[in-house]
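Peer 1: Taken in order, these protein sequences are the chains called A and B.
Position 243 of the first sequence, counted from 1, bears residue number 243 in my numbering, the numbering being contiguous throughout.
So the number in my numbering is just where the residue sits in the second sequence, counting from 1, plus 276.
Cβ coordinates follow ideal geometry from the N, Cα and C atoms, glycine included.
2 protein chains.
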Amino acid sequence: MTSRRVCVGVFDSGFGGLTVLKALLELSPDSDYIYFGDTARLPYGSKSAATVAKYALEATQYLERNGAQLLVIACNTATALALDNITAASSVPVVGVVEPGAACAALVSKTRRVAVIGTEATVASHAYLKALASRGVEAEEKACPLLVPLIEEGWIEHPVTEQVARIYLDEVFSDRESAGSADVLVLGCTHYPLIRPLLRRVAPPRVKIVDSAESTAQVVSDQLRAKPPGAASEQERRRVSRQTFFATDSVAKFQHLGARFLGRPIDQVHHVDLRE
Amino acid sequence: MTSRRVCVGVFDSGFGGLTVLKALLELSPDSDYIYFGDTARLPYGSKSAATVAKYALEATQYLERNGAQLLVIACNTATALALDNITAASSVPVVGVVEPGAACAALVSKTRRVAVIGTEATVASHAYLKALASRGVEAEEKACPLLVPLIEEGWIEHPVTEQVARIYLDEVFSDRESAGSADVLVLGCTHYPLIRPLLRRVAPPRVKIVDSAESTAQVVSDQLRAKPPGAASEQERRRVSRQTFFATDSVAKFQHLGARFLGRPIDQVHHVDLRE
Numbered sequence: 001m002t003s004r005r006v007c008v009g010v011f012d013s014g015f016g017g018l019t020v021l022k023a024l025l026e027l028s029p030d031s032d033y034i035y036f037g038d039t040a041r042l043p044y045g046s047k048s049a050a051t052v053a054k055y056a057l058e059a060t061q062y063l064e065r066n067g068a069q070l071l072v073i074a075c076n077t078a079t080a081l082a083l084d085n086i087t088a089a090s091s092v093p094v095v096g097v098v099e100p101g102a103a104c105a106a107l108v109s110k111t112r113r114v115a116v117i118g119t120e121a122t123v124a125s126h127a128y129l130k131a132l133a134s135r136g137v138e139a140e141e142k143a144c145p146l147l148v149p150l151i152e153e154g155w156i157e158h159p160v161t162e163q164v165a166r167i168y169l170d171e172v173f174s175d176r177e178s179a180g181s182a183d184v185l186v187l188g189c190t191h192y193p194l195i196r197p198l199l200r201r202v203a204p205p206r207v208k209i210v211d212s213a214e215s216t217a218q219v220v221s222d223q224l225r226a227k228p229p230g231a232a233s234e235q236e237r238r239r240v241s242r243q244t245f246f247a248t249d250s251v252a253k254f255q256h257l258g259a260r261f262l263g264r265p266i267d268q269v270h271h272v273d274l275r276e
Numbered sequence: 277m278t279s280r281r282v283c284v285g286v287f288d289s290g291f292g293g294l295t296v297l298k299a300l301l302e303l304s305p306d307s308d309y310i311y312f313g314d315t316a317r318l319p320y321g322s323k324s325a326a327t328v329a330k331y332a333l334e335a336t337q338y339l340e341r342n343g344a345q346l347l348v349i350a351c352n353t354a355t356a357l358a359l360d361n362i363t364a365a366s367s368v369p370v371v372g373v374v375e376p377g378a379a380c381a382a383l384v385s386k387t388r389r390v391a392v393i394g395t396e397a398t399v400a401s402h403a404y405l406k407a408l409a410s411r412g413v414e415a416e417e418k419a420c421p422l423l424v425p426l427i428e429e430g431w432i433e434h435p436v437t438e439q440v441a442r443i444y445l446d447e448v449f450s451d452r453e454s455a456g457s458a459d460v461l462v463l464g465c466t467h468y469p470l471i472r473p474l475l476r477r478v479a480p481p482r483v484k485i486v487d488s489a490e491s492t493a494q495v496v497s498d499q500l501r502a503k504p505p506g507a508a509s510e511q512e513r514r515r516v517s518r519q520t521f522f523a524t525d526s527v528a529k530f531q532h533l534g535a536r537f538l539g540r541p542i543d544q545v546h547h548v549d550l551r552e
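As structure tokens, then:
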């Protein structure tokens, strides 16, 4: 019997989800991936739940129509605001980034108190707070709306980015000397892994960093291992894994900026107009 | 004969255009205004020309259907990338922000060299460079993508915003001692008037600041005076000017953030879904 490789659909409002794809390519290099970046309507992080849910549904249904057998919502805002809607509308399994990040943080925290940084919309949804509370862990959430524009400006190792991160984290870890204070920092936005070394310097040394992108890739990889797609044909086994990229705005910009997040060049991007 | 007041349609991707409306309300308080903020798809400044043109056309046609007799494109990016498309598709006069800003700068500059700051898309379009060149003035354009997020974060008088402005302006005015260097700074984004005092401190003292929002309001006001709408009825004269606000994302957020730009509370905002 000829069997296809599993095709994983990865969705984000823009480029951040490429950090999840990067981690997936390391853990499950044999799957095929189709990535959808809704770059014409980014960012989602400052928008309302209704708008984000509408956009996310259009994008994930596009991925499903194009062959995705498993959907990864590689965007904290879309996961926080629309995971239930997406799961209800999809006929394939859906994995978001909040549960894997919260599960890993709960595993790592000794003080049972965790700090979460993310976009305005992610924080306002309290998705992490709820996911952590169900595991008996308290959460302190902090919106950091300037970090995404700073990362997209390419100011990765820059004194301004460090100063901004310090202002935000000082509010989160103001009780940094207290014994019962947060001992984990969750990167609740898929852009933040790009400034992980900077955040490592700025956060108190006792605080462990949990990256939701990495945790999600681990969960997806476990699911792929648990349900192998059956014996692949000789032809299937021989060909390399395929990655296909779709974006709703400029493909040139996606290639240029996306390569920074993926850590490798992106050869081709297909433009999609969701209204066509 | 009963005559209606002139209804002016003001369009922006979000909140910045409210600085133009603020100036219009001062110069032409007797007109009616309908404002459209395409907040579900903002920002336009980092997006491609094709995407911006499509969005801007949908918004301005909405304003025309809702009674606008004159359209003000109160967004530098939309003006720079889509003014021709909008003008071609409209049956009413259209005024953008680039020409009035460039005309004022050309009038003020003695060195015939002007610096323009704006979004990535505005700068990439070279709309100001062309508008100034046609007036015999050289332009130095600089994209400042972090200023909009900093202003929207409310960091108006903040050391980080000052540091970022200094980094950007130092590049523009690196030849600040030279006699032939720019003596005018054009605020080529309708967000920037909010940090005008800060930019005043950071720019070299000899540099005059020209605000495109103000210049545009002056041009519109002149047009309204040149073509009075005819004698108004007694009833029309008695009622106060009406301002109606439409937004494509959260109306609560529009009221909250918009008040900062307009400098007065916004009582009511109507939600619009352009796909309905």
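Do you know offhand how far M277(B)'s Cα is from E302(B)'s?
Peer 2: The residue labelled residue 277(B) in the question sits at position 1 within the second sequence. The residue labelled residue 302(B) in the question sits at position 26 within the second sequence. Note that M277(B) scores 39 on pLDDT, short of 50, meaning its location in the model is unreliable and no value can be drawn from it.
Peer 1: Going by alpha carbons, who is nearest to E214(A) out of L187(A), R200(A), V240(A) and K227(A)?
Peer 2: Start at 1 with the first residue of the first sequence, and residue 214(A) comes out as number 214. When only C-alpha atoms are compared, the closest one is L187(A).
Peer 1: Just checking: is the beta-carbon of M1(A) within a distance shorter than 8 Å of some beta-carbon in chain B?
Peer 2: Counted from its first residue, the first sequence places residue 1(A) at position 1. Low local confidence applies: a pLDDT of 39 at M1(A) is under 50, so the model's placement there is unreliable, with the coordinate-based value given in what follows. Closer than 8 Å: no.
Peer 1: Taking DSSP as the reference, what is the three-state secondary structure of I485(B)?
Peer 2: Taking the first residue of the second sequence as 1, we reach residue 485(B) at position 209. I485(B) falls in the strand class under three-state DSSP.
Peer 1: Run through DSSP, which three-state label would E552(B) get?
Peer 2: Looking up residue 552(B) in the second sequence gives position 276. No answer about E552(B) holds up, because its pLDDT of 45 lies below 50 and its placement is not dependable.
Peer 1: How long is the line joining the alpha carbons of V10(A) and D38(A), rounded to whole angstroms?
Peer 2: Against the first sequence, residue 10(A) aligns to sequence position 10. Against the first sequence, residue 38(A) aligns to sequence position 38. One C-alpha to the other measures close to 11 Å.
Peer 1: Beta-carbon of E153(A) versus every beta-carbon of chain B: anything under 8 Å?
Peer 2: Within the first sequence, numbered from 1, the residue matching residue 153(A) stands at position 153. By this cut-off, E153(A) is an interface position.
Peer 1: Would you kindly report the start and end of the unbroken alpha helix (DSSP H) that includes T248(A)?
Peer 2: Within the first sequence, numbered from 1, the residue matching residue 248(A) stands at position 248. That residue, T248(A), is in no alpha helix (DSSP H); it is neither H nor E in DSSP.
Peer 1: For the pair the stretch 196-212 of chain A and the stretch 158-170 of chain A, tell me if three or more CB-CB distances fall below 8 Å.
Peer 2: Yes: at least three Cβ pairs fall under 8 Å.
Peer 1: If the cut is a Cβ gap below 9 Å, which residues of chain A does V436(B) touch?
Peer 2: As a first step, residue 436(B) is located in the second sequence; it is residue number 160 there, counting from the start. Per Cβ cutoff of 9 Å: L146, V160, Q163, V164 and I167.
Peer 1: What are the partner residues of F11(A), as DSSP defines its beta bridges?
Peer 2: Walking along the first sequence from the start, residue 11(A) turns up at place 11. BP columns for F11(A) point to F36(A) and I73(A).
Peer 1: Under a CB-based cut-off of 8 Å, is K142(A) close to chain B?
Peer 2: As a first step, residue 142(A) must be located in the first sequence, where it is residue number 142. No, K142(A) does not count as interfacial toward chain B.
Peer 1: What does D249(A) touch in chain B if you count any residue whose Cβ is under 8 Å from its own?
Peer 2: The residue given as residue 249(A) occupies position 249 in the first sequence. Chain B residues near D249(A): K323, S324 and T327.
Peer 1: Taking only three categories from DSSP, how would you classify H555(B)?
Peer 2: What the structure shows of chain B is the stretch from 277 to 552, and residue 555(B) is not part of that stretch, so it cannot be assessed.
Peer 1: Any C-beta of chain A within less than 7 Å: which residues of the stretch 293-321 of chain B qualify?
Peer 2: Cβ contacts with chain A: A316 and R317.
Peer 1: Is G101(A) near C189(A), with beta carbons less than 8 Å apart?
Peer 2: Taking the first sequence and counting its residues from 1, one reaches residue 101(A) at position 101. Taking the first sequence and counting its residues from 1, one reaches residue 189(A) at position 189. Not closer than 8 Å, so no.
Peer 1: Taking the continuous beta strand (DSSP E) assigned at E417(B), which residues delimit it?
Peer 2: Locating residue 417(B) in the second sequence gives position 141, counting from the first residue. E414 to A419 is the extent of the beta strand (DSSP E) around E417(B).
Peer 1: Would you please verify whether the beta carbon of P149(A) is less than 8 Å from any beta carbon of chain B?
Peer 2: The residue you call residue 149(A) lines up with position 149 of the first sequence. So, interface residue.
Peer 1: Got a sec? Which residues, its chain only, sit under 7 Å from D543(B) by beta carbon, not counting five neighbours each side?
Peer 2: Here residue 543(B) corresponds to residue number 267 of the second sequence, with the count starting at 1. So no residue of the chain qualifies.
Peer 1: With distance defined between alpha-carbon atoms, name the residue in E138(A), Q218(A), L107(A) and S90(A) nearest to L21(A).
Peer 2: Here residue 21(A) is taken as the residue at index 21 of the first sequence, counted from 1. With distances taken between Cα atoms, L21(A) lies closest to Q218(A).
Peer 1: Mind checking whether V548(B) and F522(B) have CB atoms under 8 Å apart?
Peer 2: Counting from one through the second sequence, the residue named residue 548(B) turns up at place 272. Counting from one through the second sequence, the residue named residue 522(B) turns up at place 246. Yes, the Cβ-Cβ distance between V548(B) and F522(B) is below 8 Å.
Peer 1: Tell me which same chain residues have a C-beta within less than 7 Å of the C-beta of L357(B), skipping the five on either side of it?
Peer 2: Mapped onto the second sequence, residue 357(B) falls at position 81. Closer than 7 Å at the Cβ level, and outside the excluded window around L357(B), lie A325, V328, A329, A397 and S401.
Peer 1: In angstroms with no decimal places, state the Cα-to-Cα distance between S526(B) and A350(B).
Peer 2: Here residue 526(B) refers to the residue found at position 250 of the second sequence. Here residue 350(B) refers to the residue found at position 74 of the second sequence. So the two alpha carbons sit approximately 20 Å from each other.
Peer 1: Taking only the alpha-carbon atoms, compute the straight-line gap between S241(A) and S31(A) and give it to the nearest angstrom.
Peer 2: In the first sequence, counting from the first residue as 1, residue 241(A) sits at position 241. In the first sequence, counting from the first residue as 1, residue 31(A) sits at position 31. Near 6 Å, if we compare the C-alpha coordinates of S31(A) and S241(A).
Peer 1: Restricting to Cα atoms, I'd like to know which of L150(A), G14(A), A131(A) and P149(A) is closest to E279(A).
Peer 2: As shown, chain A starts at 1 and ends at 276. That puts residue 279(A) outside it, with no answer to give.
Peer 1: Using the C-alpha atoms, what's the distance from G45(A) back to S322(B)?
Peer 2: Translated into the one-based positions of the second sequence, residue 322(B) becomes position 46. Translated into the one-based positions of the first sequence, residue 45(A) becomes position 45. Cα to Cα, the separation comes out at about 15 Å.
Peer 1: From the DSSP secondary-structure annotation, give me the bridge partner or partners of A287(A).
Peer 2: A question about residue 287(A) goes unanswered here, because the residues of chain A that appear run from 1 up to 276.
Peer 1: By Cβ distance below 6 Å, which residues in the same chain neighbour D211(A) in space, the five residues on each side in sequence not counted?
Peer 2: Here residue 211(A) refers to the residue found at position 211 when the first sequence is read from its first residue. Within the same chain, D211(A) has close Cβ partners L187 and P193.
Peer 1: May I have the straight-line CA-CA distance separating G534(B) from A316(B), to the nearest angstrom?
Peer 2: For the purposes of this step, residue 534(B) is taken as the residue at position 258 of the second sequence. For the purposes of this step, residue 316(B) is taken as the residue at position 40 of the second sequence. Using only the alpha carbons, I get a separation of about 14 Å.
Peer 1: Quick one: give me the first and last residue of the beta strand (DSSP E) that V123(A) is part of.
Peer 2: Within the first sequence, numbered from 1, the residue matching residue 123(A) stands at position 123. Counting along the chain, V123(A) falls outside any beta strand (DSSP E), though it belongs to the alpha helix (DSSP H) covering E120 to S125.
Peer 1: Mapping the DSSP letters down to three states, classify G377(B) as helix, strand or coil.
Peer 2: The residue you call residue 377(B) lines up with position 101 of the second sequence. Three-state result, G377(B): helix.
Peer 1: Would DSSP call G258(A) helix, strand or coil?
Peer 2: Working through the first sequence from its first residue, we reach residue 258(A) at position 258. If DSSP states are grouped into helix, strand and coil, G258(A) belongs with the helices.
Peer 1: Between R472(B), S385(B), F312(B) and L347(B), which lies nearest to V368(B) when the distance is taken from Cα to Cα?
Peer 2: The residue you call residue 368(B) lines up with position 92 of the second sequence. Nearest C-alpha to V368(B): L347(B).
Peer 1: With H, G and I counted as helix, E and B as strand and the rest as coil, what does DSSP make of V92(A)?
Peer 2: Looking up residue 92(A) in the first sequence gives position 92. Coil at V92(A), not helix or strand.
Peer 1: Can you tell me the Cα-Cα spacing of E552(B) and P435(B), whole angstroms?
Peer 2: The residue labelled residue 552(B) in the question sits at position 276 within the second sequence. The residue labelled residue 435(B) in the question sits at position 159 within the second sequence. Legend: pLDDT at E552(B) = 45, less than 50; position of this residue unreliable, value from coordinates given subsequently. Straight-line Cα distance between these residues: approximately 44 Å.
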